[in-house]
Amino acid sequence: MIIMSVETSCDETAVAITRDGREILADEIFSQVDMHAIYGGVVPEIASRNHIEVISRLADSAISKAGIKKAEIDAVAVTYAPGLIGALLVGLNFAKSAAFALNKPLIPVHHIRGHIAANYLAYPELEPPFLALVASGGHTLIIDVEDYTHMKVLGSTRDDAAGECFDKVARVLGLGYPGGKPIDILSKSGDSTKYPLPRAKVDDHPLDFSFSGLKTAVFNIVNTITQKGEELDKASLAASFSAAVSDSIVSRVMEAVQITGHKKIVCAGGVLANSLIRAELTAACAKEVKALYLAPLSLCGDNAAMIGSHGYYEFKAGNLAGADLNAFATMEVDNIF
Ligand code: KG4
Ligand code: ZN
């Protein structure tokens, strides 16, 4: 089954062609990062306007690179939640029009379910059930994936998402937007023990995250050092911060392994591109976990191939949408209809 998939939930416009949820035939992405970088974050209206300008071109290009004819597309999958509402509406309306014009089914896909499915594209043998970690700019979640379309959230963040925290810390360190990658690179030359930073826990909710105290602690260190006129060791602060985020994430994953007994872990989302988090997860899982799946770097960030992959399984479960499908800025990953 060939699916054309569309992703416009944030600042990446993406259209892909995938086969049977497992094979990428084309994966076109237009990143708007440069247009938002000067503002230090995503400007929703600019994102929507750019999506509308480039989406048709990306779809044409995806179809041509996949080497298929439009008539060979069996269904159209689209991210309808969660995300920036104006941005989602552009992709949703495009996907609806395509499904209407092709007279093919429309498949609604939850963005976070798509992130998890990125791993189905990379690892042919991977099948649920498993425990999933998704860390992105908007979400930090530990999820019990019972089967392809049934999942239960076991832990989530009480305040900032991990990626949001990377972006905000990068901004005070003057590293630009998005901040995850520059912090990752700078951390390698720093001393992660130089600045002691908190690893917050949420009382009675061992799998929940809280990153706002960590972010504030970094801000306070920067302010204090700047006010004293001292030199800030940015690399060591970046390394100390990265270590704190990594510890928080890895300890929750290992706790979830203890609680659920899952022996298979699947990790995805933009923050999983982080080299320290990948290395520490790999080390921590070496003993107790049979299989650790880390989304390949090329599929960690937002893309449409992951939406096509998950869309295939929603299709198989009979979860289709009508022409009245709306977009939603927020939606729980385990309660989608
Ligand atoms: O999944 P994603 O591309 O978009 C959302 O759905 O949010 O995630 C984007 C987030 C940004 O906050 C970005 O700073 C972060 O992923 N990120 C990283 C790295 N690369 C991207 N965070 C830490 N280390 C990285 N290497
Ligand atoms: Zn995402």
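Numbering (this note's numbering), first residue to last: 244 to 580. All C-beta atoms, glycine included, are put in the ideal place defined by N, C-alpha and C. This one's a predicted model, so the numbers in the text were calculated from it and none came from an experiment.
In whole angstroms, give me the CA-to-CA distance for residue i and residue j.
i           : j           : result
residue 319 : residue 510 : 26 Å
residue 574 : residue 266 : 27 Å
residue 247 : residue 451 : 35 Å
residue 434 : residue 486 : 10 Å
residue 393 : residue 538 : 20 Å
residue 460 : residue 490 : 16 Å
residue 287 : residue 363 : 30 Å
residue 448 : residue 378 : 18 Å
residue 518 : residue 343 : 43 Å
residue 524 : residue 534 : 11 Å
residue 482 : residue 439 : 11 Å
residue 278 : residue 504 : 45 Å
residue 571 : residue 387 : 23 Å
residue 365 : residue 540 : 10 Å
residue 289 : residue 303 : 23 Å
residue 414 : residue 346 : 47 Å
Using alpha carbons as the reference points, say which of the options lies closest to residue i.
i           : options               : result
residue 576 : 458, 391, 406 and 426 : 391
residue 527 : 408, 568, 359 and 501 : 501
residue 418 : 537, 284, 488 and 373 : 284
residue 404 : 353, 383, 375 and 423 : 383
residue 327 : 368, 253, 292 and 297 : 253
residue 568 : 431, 474 and 348      : 348
residue 373 : 291, 427 and 389      : 389
residue 411 : 462, 483, 376 and 445 : 462
residue 273 : 292, 298, 289 and 279 : 298
residue 542 : 531, 512 and 559      : 512
residue 370 : 530, 536 and 430      : 536
residue 306 : 386, 442, 548 and 376 : 548
Quick check on the burial criterion: 16 or more other C-beta atoms within 10 angstroms. Buried or exposed for residue i?
i           : result
residue 270 : buried
residue 281 : exposed
residue 521 : buried
residue 255 : buried
residue 470 : exposed
residue 244 : exposed
Note the first and the last residue of the continuous beta strand (DSSP E) segment covering residue i.
i           : result
residue 323 : 318-324
residue 543 : Note, residue 543: premise wrong, no beta strand (DSSP E); alpha helix (DSSP H) at 540-543.
residue 389 : 383-390
residue 252 : Taken as a continuous stretch (DSSP letters only), residue 252 belongs to no beta strand (DSSP E), as it is neither H nor E.
residue 511 : 507-511
residue 396 : 393-399
What residues in its chain sit with their C-beta under 8 Å from that of residue i, if we drop five residues either side in the sequence?
i           : result
residue 402 : 453, 454 and 455
residue 546 : 250, 255, 257, 259, 270, 272 and 361
Kindly list the residues whose CB is nearer than 6 Å to the CB of residue i, restricted to its own chain and excluding five residues on each side of it in sequence; keep chain order.
i           : result
residue 309 : 260, 268 and 269
residue 416 : 477
residue 553 : 352, 356, 357 and 360
For residue i, which residues in the same chain have their Cβ closer than 7 Å to its Cβ, ignoring the five residues on either side in sequence?
i           : result
residue 294 : 251, 256, 330, 333 and 334
For the alpha helix (DSSP H) containing residue i, list its first residue and its last residue.
i           : result
residue 414 : 405-415
residue 519 : 518-531
residue 339 : 328-345
residue 558 : 548-559
residue 351 : No alpha helix (DSSP H) contains residue 351, which is instead part of the beta strand (DSSP E) from 349-353.
residue 480 : 477-503
Point to revise | Residue list, Cβ distance to ligand 4 heavy atoms smaller than 5 Å | key: Annotation note on ligand 4: not contained in the displayed structure, which lists ligand 1 and ligand 2 as its ligands.
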